[in-house]
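Q:
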Amino acid sequence: MAHPKRKISKTRRDKRRTHYKAVAPTLATDPTTGEAHLFHRAHWHEGKLYYRGQVLVDNTEENVA
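In UniProt numbering, the protein residues as written are 1 to 65.
1) Out of LYS7, LYS10 and LYS48, which one is the CA nearest neighbour of VAL32?
2) Should TYR50 be labelled buried (16 or more other beta-carbon atoms within 10 Å of its own) or exposed?
3) Rounded to whole angstroms, what is the Cα-Cα separation between GLU35 and HIS43?
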């Protein structure tokens, strides 16, 4: 296995790592509810699961048997 011939200083190591940054996630606004959510993710709003402005799951309705 290869080994470094010289120790890399903390300063040199940190200079190399300056470009590794945490990025805040991009938020989208639902056109129907106005709720902010992550892109390409469904989100709950008032008992309903929305994705791209459409209701996928509605937990507010009661099952009548």
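All residues carry an ideal CB built from backbone N, CA and C; glycine is no exception.
A: In terms of the structure at hand:
1) Strictly speaking, residue 32 in this sequence is Thr, with Val absent from that position. For the residues LYS7, LYS10 and LYS48, the minimum Cα distance to THR32 belongs to LYS48.
2) Classification for TYR50: buried.
3) Distance between the alpha carbons of GLU35 and HIS43: 9 Å.
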